[in-house]
Ligand code: FAD
Ligand code: PYC
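In this note's numbering, the protein residues as written are -7 to 408.
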């Protein structure tokens, strides 16, 4: 692992960073690996890191069709929280939040976690009931959660419009103070550097085009950079998991949709918490650069086009101004989309697939950034032992035949 002292930082600054070595090797694919991970987003990289660090499995390749971290990892709005309703979800997201809380030290890489508090607004009696129920459920699971009335919301976020004359007045909110934001690409870079330092090959511009099986067991993959054999193949290709799993003949209950976000021009610090409203439908935080970072619900149609669109910009601005009239003269800079894959119960699928040696970590939909460390942790364990980690077990593919669904549509807080 590399450590940068103040002196070495100064030396690099004075030499124009010309002698600053790459954070991870540009690895060439080898013919065989013990484990091949498909997808070099935060989840795939975290999985590789924990395989090497926690389980001593270093003969691992992460295959990424583009550069690492340019999928949803680099496109998300970075909200982190663990205030999900059901016990199974609360446990896995809280496990992840605890890993976040020491991640910068663990990776020796500043992921800029900022626990500034996340508000989920209530605008109706139904919202209040759902929010209060969730606060109680969270507390029973040891998760910090508070209920604020409208005045409490105004005290926490003074620029929010809580006028009773608003079209959807703010009646209260859940608050998770340990929730917040982090720097998304730092997460990919930090895990990549730490995994590489433990011998993992990170192979960019290497698209998996086929999964090879024999007698019901995985034998390897075909890629744009040649065939690779492997004892185990782990799919972590958010947005495209159903496409990749179909290469091994596995049909997944996932639908891929664009999810759009946008940022404003940078302004001075004005918003020091995260605000989400499922009813008005917008969520917003302010980045360290000063931009307001906002997002929408998923596009209604299935698509693989990673593009923003005008109707979403228009409806997001209307929703934003309803909650924050103070932003009425702000200019927007850019919008974009990522492709998220959503399961019918808005919960992920983590575990073994019905082909020997084939594993999936996917279906995180609109909410997998916050799960990056936790998902990597439980997925690495599942691959290493060929048995689901106990936190992952409820999220198996079998729940769609057993009926043990984990409905998190409300806690997902982004409409599906
Ligand atoms: P990705 O970074 O998408 O990684 C998957 C990788 O697989 C990609 O790099 C892709 O190129 C690669 N791949 C695909 N097919 C192949 C192939 N055949 N061969 C090789 N590689 C392949 N979550 C939150 O918790 N909080 C938020 O605030 C939040 N906001 C969001 C806002 C937007 C606009 C979007 C789009 C998503 C948001 N999410 C949020 C969701 C979150 O980003 C995802 O759930 C999470 O990032 C998915 O895991 P990942 O990081 O590994 O995915
Ligand atoms: O899961 O908290 C979340 C989230 C916010 C925006 C998109 N997803």
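Yeah, the Cβ is synthetic: ideal placement off N, Cα and C, and Gly gets one too.
These numbers were taken from a predicted model, which means no experiment stands behind them.
Unbroken beta strand (DSSP E) run spanning residue i, endpoints
i, result
"residue 353", "350 to 354"
"residue 57", "No beta strand (DSSP E) holds residue 57; DSSP gives it neither H nor E."
"residue 409", "One cannot answer for residue 409 here, as it falls past the ends of the chain, which runs -7 to 408."
"residue 215", "209 to 215"
"residue 285", "284 to 290"
"residue 141", "138 to 141"
"residue 154", "From DSSP, residue 154 is part of no beta strand (DSSP E); its letter is neither H nor E."
Short Cβ contact (9 Å threshold) for residue i with residue j
i, j, result
"residue 107", "residue 61", "no"
"residue 95", "residue 129", "no"
"residue 47", "residue 353", "no"
"residue 203", "residue 53", "no"
"residue 332", "residue 219", "no"
"residue 91", "residue 365", "yes"
"residue 310", "residue 269", "no"
"residue 167", "residue 109", "yes"
"residue 217", "residue 233", "no"
"residue 368", "residue 37", "yes"
"residue 400", "residue 339", "yes"
"residue 246", "residue 335", "yes"
"residue 230", "residue 64", "yes"
"residue 27", "residue 214", "no"
"residue 55", "residue 33", "no"
"residue 49", "residue 376", "yes"
"residue 51", "residue 126", "no"
"residue 292", "residue 42", "no"
"residue 406", "residue 358", "yes"
"residue 173", "residue 266", "yes"
"residue 72", "residue 383", "no"
"residue 67", "residue 360", "no"
"residue 259", "residue 308", "no"
"residue 86", "residue 134", "yes"
"residue 105", "residue 93", "yes"
"residue 347", "residue 200", "no"
Paired residues, beta bridge with residue i - DSSP
i, result
"residue 114", "164"
"residue 250", "331"
"residue 25", "222"
"residue 274", "269"
"residue 391", "Residue 391 is not bridged to any residue."
"residue 344", "351"
"residue 106", "173"
"residue 326", "255"
"residue 375", "Residue 375 pairs with nothing; no bridge assigned."
"residue 227", "30, 352"
"residue 120", "Answer is none; residue 120 lacks a bridge partner."
"residue 72", "172"
Contact test: residue i Cβ vs the ligand SAM heavy atom, cutoff 8 Å
i, result
"residue 404", "By its list of ligands, the structure shown excludes the ligand SAM, since it contains just the ligand FAD and the ligand PYC."
Alpha helix (DSSP H) segment containing residue i, residue limits
i, result
"residue 306", "302 to 315"
"residue 398", "Here residue 398 belongs to no alpha helix (DSSP H), and DSSP marks it neither H nor E."
"residue 66", "Looking at the DSSP string, residue 66 is not in any alpha helix (DSSP H), and its letter there is neither H nor E."
"residue 193", "Note, residue 193: premise wrong, no alpha helix (DSSP H); beta strand (DSSP E) at 193 to 195."
"residue 81", "79 to 92"
"residue 234", "233 to 238"
"residue 45", "34 to 47"
"residue -2", "-2 to 6"
"residue 99", "95 to 99"
Report yes or no: do the stretch 284 to 302 and the stretch 243 to 263 share at least 3 C-beta pairs separated by less than 8 Å? Below 8 Å, enough C-beta pairs join the stretch 284 to 302 and the stretch 243 to 263 to call them touching: three or more.
Counting Cβ pairs closer than 8 Å, one from the stretch 381 to 400 and one from the stretch 275 to 282, do we hit at least three? no
Touching or not, the stretch 11 to 25 and the stretch 180 to 187, by the rule of three or more beta carbon pairs under 8 Å? Short answer: they touch.
Would you check if the stretch 78 to 98 and the stretch 226 to 239 touch, i.e. whether three or more CB-CB distances between them fall below 8 Å? no
Under 8 Å: do the stretch 304 to 316 and the stretch 153 to 164 share three or more Cβ pairs, one atom per stretch? Contact between the stretch 304 to 316 and the stretch 153 to 164 is present, with at least three C-beta pairs closer than 8 Å.
Count the C-beta pairs between the stretch 373 to 390 and the stretch 98 to 118 that are closer than 8 Å, then say yes if the count reaches three, no if not. no
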